[in-house]
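Numbering (our numbering), first residue to last: 788 to 1011.
Just so you know, even glycine gets a beta-carbon here, dropped at the ideal spot from N, CA and C.
For reference, the structure discussed in these notes is given below.
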């Protein structure tokens, strides 16, 4: 008994018929993703509270100053204030940055605006490389508030620097004042000694002193 098998050819796969469907799927997927991204973006922009930033810059002086007082035959005193950039190993702007972010400055700036230091916020201070400048910025809930915060911070920072300058000036003047007081005392002692000498010798005028000198010189010549 012989069994005959009939060979059935496979159904041809029409790949070209599925290509439009695949491209349509990817197109719809891309549109959906973009729509989701833009939707989230618009939602964030609509719901997020806007912030405003005010920026300004401060430049430090580079020149120093010196004071010298000379009193003939008594001595002198001097006071030198070096340039803050004279020492290359230390950037004075780091100290300025610390002062700008200090509690006294923030407290004074906040008191001007009748708000707490927390409501004022901490400014961002950046040192500008290869310059003598410092960049400041502070944020606010409105453009006007950010500007007011910037003015208050700038004024509080300047007031604090002026206070520290006055304290440093007093400290620098203490040695000069001490030297001046010592010079005045020496001058008073010399004048008192001269007055006592005149009282003892009866030399009350320049002419008497010259006359005595001439007499002494004449006696010396006679002895020769």
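Residue i by DSSP, collapsed to three states: which one?
i	result
residue 908	coil
residue 1056	Nothing in the structure corresponds to residue 1056, since the chain is present only between 788 and 1011.
residue 838	coil
residue 845	strand
residue 936	helix
residue 1001	helix
Note down the Cα distance separating residue i from residue j, rounded to an integer number of angstroms.
i	j	result
residue 970	residue 938	47 Å
residue 978	residue 883	50 Å
residue 816	residue 928	39 Å
residue 931	residue 839	9 Å
residue 925	residue 877	27 Å
residue 966	residue 982	24 Å
residue 833	residue 923	29 Å
residue 980	residue 968	18 Å
residue 904	residue 933	14 Å
residue 810	residue 836	40 Å
residue 973	residue 962	16 Å
residue 944	residue 960	24 Å
residue 942	residue 901	15 Å
residue 1001	residue 954	57 Å
residue 828	residue 814	21 Å
residue 762	residue 935	This structure cannot settle anything about residue 762, because the visible part of the chain is limited to 788 through 1011.
residue 812	residue 841	48 Å
residue 825	residue 917	42 Å
residue 820	residue 949	58 Å
residue 964	residue 899	37 Å
Between which residues of its own chain and residue i is the CB-CB distance below 8 Å, once the five residues before and five after are set aside?
i	result
residue 947	886, 889, 891, 892 and 895
residue 976	none
residue 847	871, 872, 879, 880, 883, 919, 920 and 921
residue 823	none
residue 951	886
residue 897	903, 904, 906, 907 and 939
Got a sec: is the Cβ-Cβ distance from residue i to anything in chain B below 9 Å?
i	result
residue 972	The chain labelled as chain B is not found in the depicted structure, where only one protein chain is given.
If you check the beta carbons only, do residue i and residue j fall under 9 Å apart?
i	j	result
residue 915	residue 844	yes
Got a sec? Which residues, its chain only, sit under 7 Å from residue i by beta carbon, not counting five neighbours each side?
i	result
residue 796	Summary for residue 796: the model assigns pLDDT 49, below 50, so the residue's position carries little reliability; its value from the coordinates is reported in the next sentence. Result list for residue 796: empty, nothing under 7 Å.
residue 800	Unreliable placement is indicated for residue 800, whose pLDDT of 49 sits below 50; the coordinate value is still reported in the next sentence. The answer is none, since no qualifying residue turns up.
For residue i, which residues of its own chain have a beta-carbon under 6 Å away from its beta-carbon, when the five flanking residues on both sides are left out?
i	result
residue 818	none
Exercise. Are the stretch 878 to 897 and the stretch 905 to 912 touching by the rule of at least three beta carbon pairs closer than 8 Å?
Worked result: Contact holds: three or more Cβ-Cβ distances are below 8 Å.
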